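Here is the structure we will look at.
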Amino acid sequence: MRRWLLLLLLCLTSPLQAGSLVVPTADGEEIPVITHPAAGERLFVWFPSEAGPQAVDAWLADQLAKREVEVWRADLLEARFLPLADSSPSRVPAGDVAALLTQALRSGKRVFLVANGRSAIPALRGVRQWQLDGGRDPRFGGVILISSKLFVRTPDPGETAEPFPIVAASNVPLYWLQPDKSPWYWKLPHLLPALEAGGSDVYVRVLHGVRDRFFFRPDANEEEDAMRRRLPELLRSAARALERLPRRERRVVALKAPLPAIGVGKTGNTLKPYRGDPKPPALRLAALSGKTVDLSELRGRVVLVNFWASWCPPCVHEMPSMQRLADVLRDTPFEILAVNMAEPPEVIREFL
1419 MRRWLLLLLL CLTSPLQAGS LVVPTADGEE IPVITHPAAG ERLFVWFPSE
1469 AGPQAVDAWL ADQLAKREVE VWRADLLEAR FLPLADSSPS RVPAGDVAAL
1519 LTQALRSGKR VFLVANGRSA IPALRGVRQW QLDGGRDPRF GGVILISSKL
1569 FVRTPDPGET AEPFPIVAAS NVPLYWLQPD KSPWYWKLPH LLPALEAGGS
1619 DVYVRVLHGV RDRFFFRPDA NEEEDAMRRR LPELLRSAAR ALERLPRRER
1669 RVVALKAPLP AIGVGKTGNT LKPYRGDPKP PALRLAALSG KTVDLSELRG
1719 RVVLVNFWAS WCPPCVHEMP SMQRLADVLR DTPFEILAVN MAEPPEVIRE
1769 FL
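Numbering of the sequence shown is given in our numbering, commencing with residue 1419 and proceeding in unit increments.
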């Protein structure tokens, strides 16, 4: 009796049993997939970011499976022997994602692609390829994006960021989970009109108080840990929102430019000419006290203008040295103006 009781307890406390399958591509390659079965009517095909699969992915998939959402974790980069780099997701053939989507739809479930970081690029290209191949299955629910990076590269100072052509050539239901402590948060107004121009229906949910990679950061703070625990329900909520969209025929949008790839390697660390307007805008902003600070009124003094944010580790790390500098030069015509990057006053006060 005790043996059977122990066996029952082990079964109840062990993690959900994951499986595996291999999805063949049109050119004979194979995409490895880890499956987390569930009894519900939804299936998420999960694409990790350019950083590759993370340990938390299995936990997240198990949490979704407990909520009756089946999860397939597909390693697109491994299938093509691509390194973990910013440039790699853009080199994944669109047909690979189209093959995964076709295979997932054979399950009879409502299928959603979930793409993190730069994996949004092959996800959107793959949906378009599936549409070009005649894909019209109404059980395809759409694409859920997390902290997606849809620009070809980080622009040089003074240049406008260039979105991938697939942004304007996508016609798909989209739900975007975007951290507000991300530099890409400020690019949303530039991207959303391009997505909508192609016919995409776009939901955006801002995740307040967290940074990119919040659910697998080694330096995650309490807010990011809390948001990680919420992520399974956030993803289910995204699927429900997309399911409420009316089903309609989606035409395939023409690409207006070739599909670029991200250049290999990081941006160079040598000096480059600034291509923008060298004349800075007037700096006249409100202080926490309510008083207006005007840089022009400090003419004749040496002024160090420091731009910072509480979510920027280098900014925070340099604050003690800034204070030491201010102390040393206290009796000289020297000022430091610390300009916060658009955080709410209550966040700044709590941080200080």
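Note that beta-carbon positions come from the ideal geometry of N, C-alpha and C, so glycine has one too.
All values derive from a computational prediction rather than experimental measurement.
The C-alpha of valine 1711 lies about 37 Å from the C-alpha of alanine 1644. Taking leucine 1716 as the centre and dropping the five residues before and after it, the same chain places the C-beta of Glu1753 closer than 7 Å to its C-beta, in chain order. Nearest neighbour of leucine 1478 by Cα position, chosen from Arg1666, Ser1739, Leu1652 and Val1734, turns out to be Leu1652.
In terms of Cβ geometry, leucine 1461 and arginine 1554 do not form a close pair [threshold 8 Å]. With 16 or more other CB atoms across the displayed protein chains lying within 10 angstroms of its CB, alanine 1541 is buried. DSSP, read as helix, strand or coil, puts glutamine 1472 in coil. Per DSSP, glutamate 1614 is not a residue of any beta strand (DSSP E); the alpha helix (DSSP H) it occupies stretches across 1606-1615. Here histidine 1626 carries a coil assignment [DSSP, helix/strand/coil]. The beta strand (DSSP E) runs of length 3 or more contained entirely in the stretch 1712-1765 are, from start to end of the chain, 1720-1726 and 1752-1758.
Burial of serine 1508 is indicated by the presence of at least 16 other C-beta atoms within 10 angstroms of its C-beta. The Cβ atoms of glutamate 1761 and serine 1714 lie no closer than 8 Å to each other. Per DSSP, the continuous alpha helix (DSSP H) segment holding arginine 1646 begins and ends at 1640-1661. A distance below 7 Å between beta-carbons, with the five flanking residues on each side excluded, links alanine 1497 to the following residues of its chain, in chain order: Glu1447, Glu1448, Ile1449, Pro1450 and Asp1514.
The C-beta separation of alanine 1469 from threonine 1453 comes to about 22 Å, leaving the pair out of contact by the 8 Å criterion.
With 16 or more other CB atoms across the displayed protein chains lying within 10 angstroms of its CB, glycine 1544 is buried. For glutamine 1521, the enclosing alpha helix (DSSP H) starts and ends at 1512-1523. Pairing glutamine 1547 with alanine 1522 gives a Cβ-Cβ distance that is not under 8 Å. Arginine 1629 places its beta carbon less than 8 Å from that of proline 1597. For the pair leucine 1494 and alanine 1512, the Cα-to-Cα distance works out to about 11 Å. Assigned with DSSP and collapsed to three states, proline 1581 falls in strand. Counting only runs of 3 or more residues that sit fully inside the stretch 1534-1581, the beta strand (DSSP E) segments are 1558-1564, in chain order. Rounded to whole angstroms, the gap between the alpha carbons of asparagine 1639 and glutamate 1667 is 44 Å. Scanning Gly1559, Asn1534, Val1670 and Thr1578 for the CA closest to the CA of leucine 1550 turns up Val1670. Of all alpha-carbon atoms in Arg1571, Ala1492 and Lys1484, the one lying nearest the alpha-carbon of serine 1438 is that of Ala1492.
Each of Asp1445, Leu1610 and Pro1556 was checked against the Cα of valine 1620, and the nearest Cα belongs to Leu1610.
Remark: C-beta atoms of arginine 1536 and serine 1467 approach each other more closely than 8 Å.
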